[in-house]
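Notes for the one structure printed next.
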Amino acid sequence: MELMGIEPDRLHFSWISSAESTKFVKVVKEVTEKVKAIGPNNHFIKDTAKVA
Amino acid sequence: MVGYTEKIKEIASRLLKECTVDMVIGFRKGTMPMMNEPCFATTPEAIDTLVWDSNCGINLANYLTNRKEKVAVIAKGCDSRNIVTHIIENKIKRDQVYIVGVPCTGMIDKRKITGMVAGEILGVSETENTIKVQTADAETLFDKAEVLQQNCALCIHRNPVIHDEMVADAVQEQTDVDRYADIRKIEEMDSEDKWRFFDDLLSPCIRCYACRNACPLCYCPTCFVDEAKPQWVGKGQDPVDVRTFHFLRAYHCAGRCTDCGACERACPVGINMRLLTRKLEKDCQEQFGWEAGLSLDQRPALDVYQANDPGAFIK
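Sequence lines, in order, name chains A and B.
Residue 1 is where the first sequence starts when you use the numbering used here, and the numbers rise one by one after that.
Residue 1 is where the second sequence starts when you use the numbering used here, and the numbers rise one by one after that.
This is the structure we're talking about:
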């Protein structure tokens, strides 16, 4: 994904057990902060179909 | 590779006569120069049409999927690696295929040659190291090394890794090949440049799926792009859909691709989609020390777990 131009901070992988609530919160916070920092990704927006 | 043709015919007719196999899959001349086509020979007449030269770039492993009969196949280095992959993935049984190995010195790039001469090409002939191209008003001589397909120029497995019989003695393997110089160059770009680079690269794509059809790895009964329920990806020319197709197709070949170049060769608009499959090949090599299709005894990188698998990306 990175090779094709998705910013590295946009994609996160994590392993969180259902018992690790604090880790879950921490990871979600980090992910949101990082993604907010790079801003919206407009690459995947498709032009809506043009109907005559 | 000059002189292979006679040897191939001899082997093929012997195999058919002795009923070792029901069919021999090889190449015959196409209707245009530099366009050899697969030949499924079951009769002595068909065997007479078999040829071998530097235009046999199609990967014949593609025609082995789910075969029931016993077949012989003429296999270059890359084809043989794809046959290994096929056997590992249970698409054909080892005792069902008789592999006639061909030590290969590379296939020539018809697109490159067409670009280097003026006018329509009427004929192409070759010796061991040279390619002679004939047009209506001129005859041009090329060094074969100059006009090789890029994947052949970078090839490090020219000799078949598995065979029942060889057509000739093994050729010398290329060493000191930097296989990933172009990939590293892309990796150094920033995200925006990378995005633009692939936008440019894929913009001519017409979604004909020739790359998929030429690929021996793409044997799914229904490809994800052809699915309608659910529809995974848009079927039109939208750049996002085109990108998704190429990206996912490459991913499906991760750890399996042998860089035979069939996809790029089949592409009617000359897209180098091998940049994607080679990136995955490079990652497999670097992270798992895995090269596809070298041995029947080893499970593919994505099929095994090892305690030292890289996992630093999981936080």
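From the three backbone atoms N, C-alpha and C, an ideal C-beta is built for every residue, glycine too.
As the structure is a computational prediction, the values presented were derived from the model and not from experiment.
- Any Cβ of chain B closer than 7 Å to the Cβ of residue 7 (chain A) would place that residue at the interface, and such an atom is present.
- Beta-bridge pairing by DSSP links residue 39 (chain B) to B:26.
- The beta carbon of residue 16 (chain A) sits closer than 8 Å to those of 23, 24, 27, all from its chain and outside the five residues before and after it, given in chain order.
- For residue 283 (chain B), the uninterrupted alpha helix (DSSP H) run begins and ends at 274-288, by DSSP.
- Within the same chain, 250, 253, 257 come within 6 Å of residue 277 (chain B) by CB-CB distance, once the 5 residues on both sides are set aside.
- At a Cβ-Cβ threshold of 7 Å, residue 80 (chain B) and residue 162 (chain B) count as neighbours.
- Within the region 245-263 of chain B, 247 place their CB atoms closer than 7 Å to a CB of chain A, listed in sequence order.
- Pairing residue 39 (chain A) with residue 7 (chain A), the inter-Cα distance amounts to about 10 Å.
- With a cutoff of 7 Å on beta-carbon distance, residue 5 (chain A) and residue 194 (chain B) are scored as near each other.
- In the DSSP annotation of this structure, residue 63 (chain B) is not part of any beta strand (DSSP E), being labelled neither H nor E.
- Between residue 76 (chain B) and residue 29 (chain A), the alpha-carbon positions lie close to 53 Å from each other.
- Residues of the region 191-215 of chain B with a C-beta atom less than 9 Å from some C-beta of chain A are 191, 192, 193, 194, 195, 196, 197, 198, 199, listed in chain order.
- Annotation for residue 22 (chain B): 69, 70 place their beta carbon closer than 6 Å to its own, counting only its chain and skipping 5 residues before and after.
- Nearest C-alpha to residue 226 (chain B) among B:208, B:240, B:214: B:208.
- Sorting B:67, B:142, B:94, B:166 by C-alpha distance to the C-alpha of residue 10 (chain B) places B:166 at the top.
- Cβ proximity to chain B below 7 Å picks out 43, 44, 46 from the region 34-46 of chain A.
- At least one C-beta of chain A is nearer than 7 Å to the C-beta of residue 315 (chain B).
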